[in-house]
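Asker: Before I ask anything, here is the structure I am working with.
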DNA sequence: TTTGAATTTGAAATCGCTTTGAATAATTCG
DNA sequence: CGAATTATTCAAAGCGATTTCAAATTCAAA
């Protein structure tokens, strides 16, 4: 069913039908009613490509994912939130997967040149993110999930990683811990640097030296975390507490602690960052896990809204949101063992 | 940069430029070279909407996800595989998220009517899947990940869930287990029914009665699995083995076993189905987990190829692939305890 | 009634590309 | 050398919507 046929069927011009359906005021109410009734009955929907060509709007938002690494649980939670809200606005989500960093830049260029999307969601930034530079240069609107320090104004939404780690570390210090290990993500990524800052600040405020053997930088899988934690537990004196970068990391650390014959929450404490996965609940772990918590899904939802604002013309400089992070204390964090 | 401008710049007609870039034979090699060089230098890329409108092809494949429930780790693995292969073919992936079953049907209708996609990937089917019926009626090409029994030919790719569970159950029976619990997905879904069939067949072949208190149907999260396993372990005589539907389920069962003061692999055995998540490795669990294994990501990759074949005109009746499932024995499955 | 304004409708241009059908230039062949 | 191919190129017609500009109709005021 095309607009043309619908118009013919109704004995009207395409112009009038189009106007009626798009809610323009200069059309008789009776006609409008007749048109929308017929459209609904015949299941008419404008052809997306034609509409896009005519309006110049793509009606889609793009997101580029780096192949295997990035399609983890974090991303899917985020996408769930983002996609949900965008569906409400009848905006499509165009997902592109790429293999390498280089391909990623090319992918943005392609998206821009072919005008497939009206905006882009950028994520997992580094401190000096060249993708953000590129998008600014290309003039394609975007919202960054995270922050970068490229010296140009970028619209962003981020959680307060620095504050979160400062509080978590402080809490462990209050409990008497002095050797606190930090299992962080890969260096270079902004959130990793921010978390390290928070951690160091808390230590420095108490005059506790930074020990680099207690810091690990890796991807967030239980396997790698297990190995890192295992070797850290062999240090003497060994760490009495862990700050885990994700729930997957926490699982690995947990395994290492158990295998070393130690008790989580007594011999060793842990606070993990929880992005709120519906299938991995800190409350259901044994012992229950103390966490710094911030919902990835909610961030996705909100970013969809911010994209909407950008497209509606809100100046990019006015878009930045820093979300506080909850510290939820449960059984996995207890007083440092007497020695 | 538009085709028109590029043509003007070169002193050629749009026709020739278009043909040169699209590899038509009737264009002088020298001209073609000149054109593609200029196109590359000026960064020309055809406008996607215009191209789609002119060719009638959308250059995109759609996938509808049911909001929160479905955006789990399974889906993201699958999407990773699917998207990767589709990117090679320069085909976009249009992801739509919906809240309810009803919305999902509407979403397919919309995709069809607005011609946003050339084909659709359908997944998580029920035995009588009405979405498959709808897609057939709408005449929109698709490939089903899984199977359905609606009596009309549907192109599909599936793993041999029935065979997998029959073998896993048989293995446990060989080890002397007689009370084997099955933690399956929600009734109605095809793979759930298939797994149950395999399980029942193995039991029946040894003359062992089916005990419905040993069967659980739920979503695959560790939380629910924990509760189910916990209550099953309170039965007397209690189950000596578990068949877990997913790795998340396995985590929950594991927790229940430990909490009951039992030893996995000795007091109680378990074989879990492993969709091969990079961040949850059966080999790295403690004890290592026996699994029925089949890569979700690979399935996604292959489905992208099948979609390609369908769009290239291969008859849908010729497209069905049944993948065998590996049984990988590790430490979590041992002989039934003497009693 | 006329007339001027306000409503309502339509014809045609436009978006940026592909493709058909025709025209021109270059080759080949008898 | 002229006719018949063959190789190149181009003008113009779509694709299916929106939107501009003009026309027709209705209505109210003079």
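Chains as they are written, first to last, in this note's numbering: chain A, 1 to 339; chain B, 340 to 678. Even for Gly, the Cβ is constructed at its ideal location relative to N, Cα and C. This structure is a prediction, so every number in the text was calculated from the model and none was measured.
1. Restricting to runs no shorter than 4 residues, where is the alpha helix (DSSP H) found entirely within the segment 449-500 of chain B?
2. Indicate the three-state DSSP secondary structure (helix, strand or coil) for residue 671 of chain B in the structure shown.
3. Going by other Cβ atoms of all chains shown within 10 Å of its Cβ, with 16 needed for buried, is residue 385 of chain B buried or exposed?
4. Which two residues bound the contiguous beta strand (DSSP E) that contains residue 628 of chain B?
5. Quick one, which residues of the segment 235-256 of chain A are near chain B if we go by CB-CB under 7 Å, in chain order?
6. Throw me the rounded Cβ distance for the residue 562 of chain B and residue 604 of chain B pair, which I believe falls under 8 Å.
7. Would you list the residues sitting across from residue 210 of chain A in a DSSP beta bridge?
8. Determine the contact status of residue 516 of chain B and residue 675 of chain B, defining contact as a CB-CB distance below 9 Å.
9. Answer yes or no: does any C-beta atom of chain A fall closer than 9 Å to that of residue 562 of chain B?
10. Looking only at DSSP bridge pairs, what is residue 394 of chain B linked to?
11. Tell me which residues share the same chain as residue 73 of chain A and place their Cβ nearer than 7 Å to its Cβ, disregarding the 5 neighbours each side in the sequence.
12. If we ignore side chains and look at the alpha-carbon of each, how far apart do residue 181 of chain A and residue 51 of chain A end up?
13. Taking DSSP as the reference, what is the three-state secondary structure of residue 96 of chain A?
14. Can you check which of these residues, A:144, A:167, A:90 and A:30, is closest to residue 292 of chain A by C-alpha distance?
15. Let's see if you can read the secondary structure: which residues bound the alpha helix (DSSP H) around residue 253 of chain A?
16. Pull out every residue of the segment 27-57 of chain A whose Cβ sits closer than 7 Å to any Cβ of chain B, in chain order.
17. Determine which residues share a DSSP beta bridge with residue 274 of chain A and list them.
18. So which residues of chain A does residue 453 of chain B contact, with C-beta pairs closer than 7 Å?
19. If you reduce the DSSP assignment to three classes, tell me which class residue 559 of chain B lands in.
20. From residue 590 of chain B to residue 564 of chain B, what does the alpha carbon distance come to, in whole angstroms?
21. Around the Cβ of residue 501 of chain B, are there at least 16 other Cβ atoms within 10 angstroms (buried) or fewer (exposed)?
22. Kindly indicate which three-state DSSP category residue 2 of chain A falls into: helix, strand or coil?
23. Between residue 328 of chain A and residue 129 of chain A, what straight-line distance do the alpha-carbon atoms span, to the nearest angstrom?
24. Looking only at its own chain, which residues have a Cβ that is under 6 Å from the Cβ of residue 248 of chain A, when we skip the five neighbours before and after it?
25. Can you tell me which residues form a DSSP beta bridge with residue 519 of chain B?
26. Report the CB separation of residue 160 of chain A from residue 324 of chain A in whole angstroms; it is logged as a contact under 8 Å.
27. I'd like to know whether the C-beta of residue 279 of chain A is nearer than 9 Å to at least one C-beta of chain B.
28. Shortest alpha-carbon distance to residue 635 of chain B belongs to which of B:437, B:356, B:462 and B:443?
29. Could you name the residues of chain B that residue 286 of chain A contacts, counting a contact when the two beta carbons are closer than 7 Å?
30. DSSP has residue 64 of chain A in a bridge; who is on the other side?
31. List, in chain order, every chain A residue whose beta-carbon is nearer than 8 Å to that of residue 603 of chain B.
32. Indicate whether at least one CB of chain A lies closer than 9 Å to the CB of residue 474 of chain B.
33. Mapping DSSP to helix, strand and coil, what is residue 189 of chain A?
34. Between the segment 86-114 of chain A and chain B, which residues of the former have CB atoms less than 7 Å from a CB of the latter, in chain order?
35. Answer with yes or no whether the minimum CB distance from residue 546 of chain B to chain A is below 9 Å.
36. Beta carbon of residue 608 of chain B, beta carbon of residue 514 of chain B: below 9 Å?
Answerer: Based on what the coordinates show:
1. 469-477
2. coil
3. Buried.
4. Neither: residue 628 of chain B is in no beta strand (DSSP E) and is coded neither H nor E.
5. The segment 235-256 of chain A vs chain B, Cβ under 7 Å: 248 and 255.
6. Residue 562 of chain B to residue 604 of chain B, Cβ: 23 Å. No contact.
7. Answer by DSSP bridge pairing: none, since residue 210 of chain A is not bridged.
8. yes
9. So yes, residue 562 of chain B belongs to the interface.
10. Its beta-bridge partners do not exist; DSSP assigns none.
11. Same-chain partners within the cutoff: 277.
12. 56 Å
13. strand
14. Closest option to residue 292 of chain A, Cα to Cα, is A:167.
15. 247-259
16. 43, 45, 46, 47, 48, 49, 50, 52 and 53
17. A:293
18. 45, 46, 47 and 48
19. coil
20. 8 Å
21. buried
22. coil
23. Residue 328 of chain A and residue 129 of chain A: Cα-Cα distance of roughly 32 Å.
24. 220, 221 and 222
25. B:580
26. 5 Å
27. yes
28. B:462
29. 594 and 598
30. A:96
31. Under the 8 Å cutoff, chain A gives no residues; its nearest Cβ is about 12 Å from residue 603 of chain B.
32. no
33. strand
34. 87, 92, 93, 94, 95, 96, 97, 98, 110, 113 and 114
35. no
36. yes
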